[in-house]
Amino acid sequence: MTAAYIVRFILTPREFEKLNALCPFDLSNQVSALHHSESKSAHVHTFVRQHTRLFLKTYGVGLLVQMAISARNPVLGGSFRPSRPAIMITSFSAVYRVLNRVLSNLARARLDGVSRKRAIKIAIPMVSALIAGSVFRILPAGLRDYIALYLATKAAEYVYNMLDDQGRFNWKPRIVGSWILIPIAMSQLFYTLICEPDCCPRVFRGLMLSVSQAYMPQRPVGYPDGKHWPTENEVLASVAEISRLKFPKFKSRILSPNWQVPPTLSVIAPVLEMALPSNTTMTGALLHPMNPNERTSFWSAVSAGYGSTTKYLLPLYLILGFTRSSRSSGTILASAIGNTFRTATFISMSVASAWSGIALSQTLLGTRMLPHMRFRIIGFMSGLWAFLDQVNGRPRALYAIRMAILSQYNMLIKRRGGKPLVKNGSTIIFSLAMAVIFAVYNTAPESISSAFIRKLCNWVQTGRYSDPSPLPPSDSSR
637 MTAAYIVRFI LTPREFEKLN ALCPFDLSNQ VSALHHSESK SAHVHTFVRQ
687 HTRLFLKTYG VGLLVQMAIS ARNPVLGGSF RPSRPAIMIT SFSAVYRVLN
737 RVLSNLARAR LDGVSRKRAI KIAIPMVSAL IAGSVFRILP AGLRDYIALY
787 LATKAAEYVY NMLDDQGRFN WKPRIVGSWI LIPIAMSQLF YTLICEPDCC
837 PRVFRGLMLS VSQAYMPQRP VGYPDGKHWP TENEVLASVA EISRLKFPKF
887 KSRILSPNWQ VPPTLSVIAP VLEMALPSNT TMTGALLHPM NPNERTSFWS
937 AVSAGYGSTT KYLLPLYLIL GFTRSSRSSG TILASAIGNT FRTATFISMS
987 VASAWSGIAL SQTLLGTRML PHMRFRIIGF MSGLWAFLDQ VNGRPRALYA
1037 IRMAILSQYN MLIKRRGGKP LVKNGSTIIF SLAMAVIFAV YNTAPESISS
1087 AFIRKLCNWV QTGRYSDPSP LPPSDSSR
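Convert by adding 636 to the 1-based position in the sequence shown; the result is the number in this note's numbering.
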């Protein structure tokens, strides 16, 4: 009998029938048809079986992730423990399903009519997710912040979809879409790139610098190897220092031999010494020393940005087109070229506008007004180029706003000396986000734009991996 119960905890009735058909002897006598009985403990066996398999699957994925990390960084890979994400995911699903089942049964027994319906659809899923979210602390601290932030933005997106489907945003101009999040994010990200580089996300920093080579002074050919030439980090730090000094005017050593580079800018002295005398601003002499004209520097940066982005964007859009669409090859190619042009225009124009905006701000705002805050204004204005690339832009906009929120969070932590803003704050955010997601799932599942997320929610709640929404998902281009 013990073996029979073990088999029942491991195999479904259909799997047992297949195994019995393959075995040379009959297993049904030993199992006593336990799989087909309608005992009170049948759901317990299903519950244990499903979550055991969930743990094994997530642990296996974690091992693959650990191997991939170890291949690039053995130290980081050795510190990654795949068991912790597996335990967290399994525990959340188990706790949520038990609480949801118990509370739903209590609601059916004690509540009537509308109250029962509202409790089962909204209150019970939210309470269950809030309590189950406490297991989030099992994850390592390095993973918790971004995962909590990601789920919080997804929860906000689903609530927005639901309200939009209900007509709550009919007053909104049609021109205003998810693209407006890009300039908001760019305002924060460009500020951190210049003024708080240790809080700037590496993804944004890498993208900006890869498209900003026209504004990064290059070591001249034949420049002595033993002499210092400023690095990209030193260039960024010097721009911040120039703003702290209230944007002093540039004077060429050729025309003013007695002019001295400020001591705090000595690291960029090699660039300033060779800058053309027609440069009038210190930032211009640093960012484009051999091209004093801001307009030509801008268009040179745009041209270079096109070249550095299109070689990656076109293959990417072609791959996405052929893997996600059944249209003809010519249609996919035309769509990929159009998407590449729009995205390359958005990226190159935004990056060039951000750097050229530093000089423009000195003309419009002077040198003493908002020396640091102007980088936020510059970032916002340069991000408005996202208007040109609105096709399927919501995932990009949400990713940008997540990076911006994370950078702001890092700044607040830095100012508090590394102390968290709220104890267990990431766990609280995770719990609230999951509560909102499950409430939206139970009231308006079509507002969850991802069919995969709907299937996951349905599995956690019922044990069935299927899409409960008969309606098409919300438009992701809003």
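Quick reminder that beta carbons are idealized off the backbone N, C-alpha and C, glycines included.
Alpha carbon of residue i to alpha carbon of residue j, nearest angstrom
i, j, result
"K947", "L843", "14 Å"
"P1104", "P710", "43 Å"
"V1027", "D801", "20 Å"
"H687", "T726", "6 Å"
"S933", "W991", "10 Å"
"T1063", "P1056", "12 Å"
"L775", "W1021", "38 Å"
"G862", "S902", "17 Å"
"L1115", "A745", "Past the boundaries of the shown model lies residue 1115; the chain is included only from 637 to 1114, so the question cannot be answered."
"L845", "S944", "11 Å"
"T682", "R978", "51 Å"
"E868", "L1024", "29 Å"
"A1040", "M822", "7 Å"
"G698", "I756", "34 Å"
"D781", "Q1044", "12 Å"
"S997", "W807", "34 Å"
"C831", "L881", "13 Å"
"D592", "A873", "The shown model of the chain, from 637 to 1114, leaves out residue 592, and the question about it has no answer."
"W1095", "R689", "13 Å"
"R650", "R685", "14 Å"
"R838", "L829", "10 Å"
"F1088", "V1058", "32 Å"
"L1092", "K693", "14 Å"
"F840", "L1034", "14 Å"
"T976", "R773", "41 Å"
"F958", "A970", "12 Å"
"S989", "L785", "29 Å"
"S673", "R1100", "Reliability of the predicted coordinates at S673 is poor, the pLDDT of 49 falling under 50, and no value is obtained from them."
"H864", "I1037", "37 Å"
"G966", "L952", "16 Å"
"T981", "T916", "29 Å"
"T1090", "A792", "The sequence shown places Arg at residue 1090, rather than the Thr named in the question. Distance between the alpha carbons of R1090 and A792: 16 Å."
"R1012", "K790", "25 Å"
Opposing strand residues paired with residue i [DSSP bridges]
i, result
"T917", "K885"
Cβ neighbour criterion (16 or more within 10 Å) applied to residue i
i, result
"S984", "buried"
"Q854", "exposed"
"R1030", "buried"
"V680", "exposed"
"Q1097", "buried"
"I760", "buried"
"W935", "exposed"
"P893", "exposed"
"R1052", "exposed"
"Y827", "buried"
"A921", "buried"
"V771", "buried"
"M724", "buried"
"G993", "buried"
"F805", "exposed"
"Q824", "buried"
"E909", "exposed"
"P1007", "buried"
"G1015", "buried"
"L1185", "Given a span of 637 to 1114 for the chain in the structure shown, any question on residue 1185 remains unanswerable."
"I878", "buried"
"N741", "exposed"
Assumed close pair residue i, residue j - CB separation to whole angstroms, cut-off 8 Å
i, j, result
"F883", "M918", "6 Å"
"A704", "L735", "Not a contact, Cβ separation roughly 35 Å."
"M798", "A1071", "Wrong, their Cβ atoms sit about 14 Å apart, outside the cutoff."
"S1018", "L766", "Going by Cβ atoms, the distance from S1018 to L766 rounds to 40 Å, so no, they are not a contact pair."
"I1065", "A777", "That belief does not hold up - the Cβ atoms of I1065 and A777 are roughly 14 Å apart, past 8 Å."
"Q849", "A911", "18 Å between Cβ atoms; not a contact."
"V907", "P925", "5 Å"
"L747", "S764", "That belief does not hold up - the Cβ atoms of L747 and S764 are roughly 16 Å apart, past 8 Å."
"I758", "T1079", "6 Å"
"V871", "I904", "7 Å"
Worksheet item: Can you list, in chain order, the stretches of the alpha helix (DSSP H) that have 4 or more residues and sit fully within the stretch 885-963?
Response: 905-910, 918-923 and 930-960
Worksheet item: Of all the alpha helix (DSSP H) runs that stay within the bounds of the stretch 695-757, which reach a length of 4 or more residues?
Response: 710-715, 719-746 and 749-754
Worksheet item: What are the start and end residues of each continuous beta strand (DSSP E) run of 3 or more residues lying completely inside the stretch 1042-1112, in chain order?
Response: none
Discussion item. Quick check on the DSSP output: what are the complete beta strand (DSSP E) runs of length 3 or more inside the stretch 996-1036, in order along the chain?
Written reply: Correct list: empty.
Worksheet entry | Segments of 4+ residues assigned as alpha helix (DSSP H) that fall wholly inside the stretch 766-837 | 777-801 and 817-831
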